[in-house]
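A.B. asks: Okay, here's the structure, questions in a sec.
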Amino acid sequence: MADMQMDADTPVFAIAVAAELAGMHPQTLRQYDRIGLVVPGRTSGGSRRYSTRNIEQLREVAQLSSEGMSLPAIARLLDLKDENRMLRRRIVELDAALRAERENRPGVRVFAAGSSGVVPMPSGRRIRRSTDLVLWRPGSGRG
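Quick note on the numbering used here: the sequence shown kicks off at 4 and runs consecutively.
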C-alpha cells in the first residue's frame, strides 16, 4: 500500500467520532454540512469524513455561537480564514519560485538610457539626475 501523507485537511473521522471530538451531536454536524458551514469530505460511498481542521472549525463554531455570533457571520469568518490560509500558502509558493528564479538567473543586468543609447549599468550604481531621458512614442511623429 502506498504511503498516505496526512495533514490537517485529510478526512479521516466518521461523523460519530467527529461529533464526540467537537463536543456536539451528530445531527448538528449534519445540519452544518447542509448549510455549508463546515463541509466534510466524502468517501466513495458518500459517508462524511471529517479532518482535524474540520474538528477545529466545529469547535470554533461552537465557541463563536455561544458568544452570540450568528451562523451566517460565522460562515463568513470561516470563509475568510480559509482564503487567508490559501493566500499565505500561495505567498510561500511564489516566494520560493522567486528565490529559485533569482538563483538560476545568470548575472542580473540593469540598463539605462543615455545620450549614447541604452547602456548596461553596474548593479548598485545610480544615474546622475542631470542626465536627460528621451522617450520615443510610436506615432508621435518624432525620431
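Positions of the beta carbon are idealized from the N, C-alpha and C atoms, including for glycine.
Hey, A115 and R62 are a contact pair by Cβ (cut 8 Å); roughly how many whole angstroms apart?
C.D. replies: Numbered from its first residue, the sequence shown carries residue 115 at position 112. Numbered from its first residue, the sequence shown carries residue 62 at position 59. Their Cβ separation, rounded to whole angstroms, is 58 Å, which puts A115 and R62 out of contact at 8 Å.
A.B. asks: Is V64 near V41, with beta carbons less than 8 Å apart?
C.D. replies: In the sequence shown, residue 64 corresponds to position 61, counting from 1. In the sequence shown, residue 41 corresponds to position 38, counting from 1. Yes, Cβ-Cβ distance for V64 and V41 is below 8 Å.
A.B. asks: May I ask you to report which of helix, strand or coil DSSP gives A115?
C.D. replies: Mapped onto the sequence shown, residue 115 falls at position 112. Of the three classes helix, strand and coil, the one that applies to A115 here is strand, per DSSP.
A.B. asks: Ordered along the chain, which non-local residues of its own chain (more than five positions away) have a Cβ less than 8 Å from that of I58?
C.D. replies: As a first step, residue 58 is located in the sequence shown; it is residue number 55 there, counting from the start. F16, A21, L24 and A25, listed in sequence order.
A.B. asks: Grab the span of the alpha helix (DSSP H) containing I77 for me, first residue to last.
C.D. replies: In the sequence shown, the residue the question calls residue 77 occupies position 74. First-last of the alpha helix (DSSP H) with I77: L74 to N107.
A.B. asks: What is the rounded straight-line gap between the Cα of Q66 and the Cα of L32?
C.D. replies: For the purposes of this step, residue 66 is taken as the residue at position 63 of the sequence shown. For the purposes of this step, residue 32 is taken as the residue at position 29 of the sequence shown. Distance between the alpha carbons of Q66 and L32 is about 15 Å.
A.B. asks: Whose CA, out of Q34, A76, Y35 and G44, lies closest to the CA of P14?
C.D. replies: Taking the first residue of the sequence shown as 1, we reach residue 14 at position 11. Of Q34, A76, Y35 and G44, the residue nearest in Cα terms is G44.
A.B. asks: How many Å lie between G146 and L97 at the Cα?
C.D. replies: If you number the sequence shown from 1, residue 146 lands on position 143. If you number the sequence shown from 1, residue 97 lands on position 94. No answer about G146 holds up, because its pLDDT of 49 lies below 50 and its placement is not dependable.
A.B. asks: Buried or exposed for S54, please, with buried defined as at least 16 other CB atoms from any protein chain shown within 10 angstroms of its CB.
C.D. replies: For the purposes of this step, residue 54 is identified with residue 51 of the sequence shown, where counting begins at 1. Per the 10 Å Cβ criterion, buried.
A.B. asks: Thinking C-alpha only, which one of A100, K84 and Y35 is nearest L74?
C.D. replies: Counted from its first residue, the sequence shown places residue 74 at position 71. Selected option, being the one with the closest Cα: Y35.
A.B. asks: Quick check on the DSSP output: the alpha helix (DSSP H) that includes Y53 runs from which residue to which?
C.D. replies: By one-based count along the sequence shown, residue 53 stands at place 50. Note, Y53: premise wrong, no alpha helix (DSSP H); not H, not E.
A.B. asks: If contacts are defined as beta-carbon pairs under 8 Å, then I77 and S68 qualify, I think. What distance do you get, rounded to the angstrom?
C.D. replies: Locating residue 77 in the sequence shown gives position 74, counting from the first residue. Locating residue 68 in the sequence shown gives position 65, counting from the first residue. About 7 Å separates the two Cβ atoms, so the contact holds.
A.B. asks: Taking the alpha-carbon of L60 as reference, which of S47, T46 and R79 has the nearest alpha-carbon?
C.D. replies: The residue you call residue 60 lines up with position 57 of the sequence shown. Just to set this straight, residue 60 is Gln in the shown sequence, not Leu. The residue with the shortest Cα to Cα distance from Q60 is R79.
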